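Heads up, the thing below is written out as structure tokens.
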DNA sequence: AATGAATGAGACTTCATTCAT
DNA sequence: CATGAATGAAGTCTCATTCAT
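Chains as they are written, first to last, in my numbering: chain U, 4 to 211; chain H, 4 to 211; chain W, 4 to 211; chain L, 4 to 211.
Following this line, the structure appears as structure tokens:
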């Protein structure tokens, strides 16, 4: 029995090693330019071994995406559940997005580069949209904030677009080193702008 | 002389046809998965002909990018120059972004997909960053609005991130048909949110 | 009529220009690596024009070879005819070979590189062997020297091999600059060796 | 362990099979006209397999050349070392040249065709001149014969030119079947001519 | 007669995938 | 289970040749 557990672990470990390697390699070179051998080498296994765990290159991409998104999302959900105030949960979400993704830079590039893949891919895999799940969660947080009266009656989906689109963009700028920026600082500034809007605050307004 | 003009036109036309085809094909399949023959077929020419106008596949990508960005940006700048109020210019910018890019849907995907290409590409072409130019322009509009007191004293770069990141994201969602949405409507909602923030408007606030 | 002559000349001139360009370009890059456009450019004409004078690339090669060999051979024959002594004619031949070919370096490389072309070529063109004509002439000179008793009774073909093979080799070494050598000097040394052999000459022997 | 040896052998065998195929195919069609697939087919492997053993087509050419020349030269040197008399060594050299190369006919054409490649190639690979090594060895044999007084005081390099150039030429004529000849017979005749020169032997001379 | 833009066949090379060991 | 040599399909790019002007 112990042997069986060991094997199970081995198998799981190797699978995970391949997935981790795939995320980094796909992010670094893009899905099409990355080679299976690059992934295998990074995972310290032989090229053919990848095919013992994944049907083909595309399967590896899909599974890597799913794991990435859902593992991050699960982590985020767990932490957020500790916040009581719905507005705080929304703000916390922004910070967590930055925190979790900036911890492993390649995950960001992997997500933003690959999730909007080719038409071909999405037409062949219409059911596959891991990012949708993420976006839906942010939308639900917005809806909640609206329902509890924490924020005004605005379209929760639109707000989700702003949050996810902006942070996605900021992280990409940061990760490609196109310009020097501190994602945490920007996240905070974004939060401020979203809270009060761009209008010049009336002297008597702010009460945060 | 007419002959000369004709030839000139022919040559320019073909170059443009290839560039247009390239934008669509690169956007549809992604740069690496798109083939030169796909581009040639879409442009109604033979595969080898592409190489009479462009040095190689990468040259075609770079030139296509440059033309796309700079032609859109020039159009936007021209229209915006007619707006006098600096806040109006910023709002107009959002609408124009949607308008111009949604007119040629593939341009959007082309930009957002290819602009954040592989490390490899950007490390080999560090000087090449047409998107930066775009972002810089939006930043300058924000700065202007701040300087003229139209909006509060916030970080203009951050605001530019929000505007470009959000609209980029929205357009991508729209173009990949991941979900049904009206980009104009969303643009307007984004504008509203940015104006007042997400806080519940006080009864005495403006009633736009 | 003058017009006709003019045209005739024009046509002949352009044909010659192309042939000359072909010899140089073929010699420089080898037949297969040379391009028709290289030849055309060197001849200051457009690429398509070559096909008004030659059926195709291979035809250009054959005609260039024939002209090269036969024009050199004709020149050699004419000069040699002035020599009366048959041994002198043979020695003169060696010098002329060097002289004529070293005058236009590319002709040498063209000949030695291209005349032993691919099996394919010779199997398709069995009648084509311009070098054979050259070798035959040298052989006839040897035969003559034997018949007149100028040299011993040896195989004239073998002697021709030695003469042509050696000088061909020497010129190639010279032209490829593989090593510094004076082809005239070598030609003279070859003549000496052929005259007396490599044996240590007996004191009483030489009477040249 | 046996397994390891087996693999080693397999790998070496395949590399050799490709090299042998390359020599024949390059010789038959010339380097530029030969295709990698021709080589692969002759070696009974798939086209892509060539690239597991050689970086590219040019690498295959260079390695093939080096192996050809050095393996022949090593064989020749070994056999020649058994001859004591320096003149015999020189004569033996001529015979060995014919013997070794006529055993694998394509090697000859390969050498003589490719060795004097295009300017381009040699300018890019100035250090590469395997034939030089061969010529140097023949020269050293000549020098030795001179030093030991076996032959007269003549330029050893010139004599090497005659030997290598002539036999190279003869073998090429033979291999291209341009004319029917027995290379061994010709080699012997060449030896005779070199020994005594072309002069009519005096009645009292030696009777070899 | 001359041009040179256009064509498209074919070469080199890469790499996802398989399979014997 | 793991390996990595082998495969061969497919992509980029070149260039001989044609043809409308």
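Think of the CB as a built atom: it goes at the ideal place given N, C-alpha and C, for glycine as much as any other residue. Quick caveat, the model's predicted, so the values are computed rather than measured.
Kindly indicate if chain W contains any beta-carbon less than 8 Å away from that of residue i.
i	result
residue 85 of chain L	no
residue 155 of chain L	yes
residue 101 of chain L	no
residue 5 of chain L	Confidence at residue 5 of chain L is low in this model, with a pLDDT of 47, below 50, so its placement is unreliable and no value can be given for it.
residue 192 of chain L	yes
residue 26 of chain L	no
So, for residue i: in the same chain, excluding its five sequence neighbours on each side, which residues have a beta-carbon less than 6 Å away from its beta-carbon?
i	result
residue 189 of chain W	173
residue 75 of chain W	103
residue 113 of chain L	26, 29, 30
residue 184 of chain H	177
State yes or no: is the beta carbon of residue i nearer than 8 Å to at least one beta carbon in chain H?
i	result
residue 141 of chain U	no
residue 169 of chain U	yes
residue 50 of chain U	no
residue 53 of chain U	no
residue 110 of chain U	no
Whole angstroms are fine: how far does the CA of residue j sit from the CA of residue i?
i	j	result
residue 135 of chain W	residue 186 of chain L	18 Å
residue 39 of chain U	residue 20 of chain U	13 Å
residue 162 of chain H	residue 170 of chain H	12 Å
residue 77 of chain U	residue 88 of chain U	19 Å
residue 198 of chain L	residue 67 of chain L	35 Å
residue 152 of chain U	residue 85 of chain U	19 Å
residue 168 of chain H	residue 164 of chain U	9 Å
residue 62 of chain L	residue 99 of chain H	56 Å
residue 54 of chain U	residue 15 of chain L	28 Å
residue 37 of chain L	residue 57 of chain L	16 Å
residue 115 of chain W	residue 32 of chain L	16 Å
residue 166 of chain L	residue 138 of chain L	9 Å
residue 18 of chain W	residue 106 of chain W	22 Å
residue 48 of chain H	residue 41 of chain H	10 Å
residue 69 of chain U	residue 60 of chain H	32 Å
residue 45 of chain W	residue 34 of chain W	15 Å
residue 109 of chain L	residue 24 of chain U	49 Å
residue 82 of chain W	residue 157 of chain W	26 Å
residue 203 of chain U	residue 196 of chain U	11 Å
Between residue i and chain L, is the shortest Cβ-Cβ distance under 8 Å, so that the two count as touching?
i	result
residue 15 of chain W	no
residue 65 of chain W	no
residue 164 of chain W	yes
residue 2 of chain W	The first residue shown for chain W is 4 and the last is 211, placing residue 2 of chain W beyond what the model contains.
residue 201 of chain W	yes
residue 59 of chain W	no
residue 158 of chain W	yes
Note down, in chain order, each residue of its chain lying with its Cβ closer than 8 Å to the Cβ of residue i, except the 5 sequence neighbours on either side.
i	result
residue 80 of chain W	140
residue 73 of chain H	133, 136
Between residue i and the ligand ATP, is there a pair consisting of the residue's CB and a ligand heavy atom that are separated by less than 7 Å?
i	result
residue 177 of chain W	Summarising the ligand content, the structure contains no ligands, and the ligand ATP is consequently not present.
Keeping to the same chain, check which residues put their C-beta closer than 7 Å to that of residue i; ignore five residues upstream and five downstream.
i	result
residue 194 of chain W	94, 97
residue 148 of chain W	89, 90, 93, 154
residue 145 of chain U	93, 159, 162, 163
residue 52 of chain W	43
residue 111 of chain L	104, 174, 175, 178
Can you check whether the C-beta of residue i is within less than 8 Å of a C-beta belonging to chain U?
i	result
residue 161 of chain H	yes
residue 104 of chain H	no
Inset, instruction - Identify each residue in the segment 34 to 48 of chain U for which the Cβ-Cβ distance to at least one residue of chain H is less than 9 Å, and report them in chain order. - result: Cβ contacts with chain H: 34, 35, 36, 37.
Legend entry - Residues, ordered as in the chain, of the segment 172 to 186 of chain H that lie near chain U by beta-carbon distance below 7 Å: Listed in sequence order: 172, 173, 175, 179, 181.
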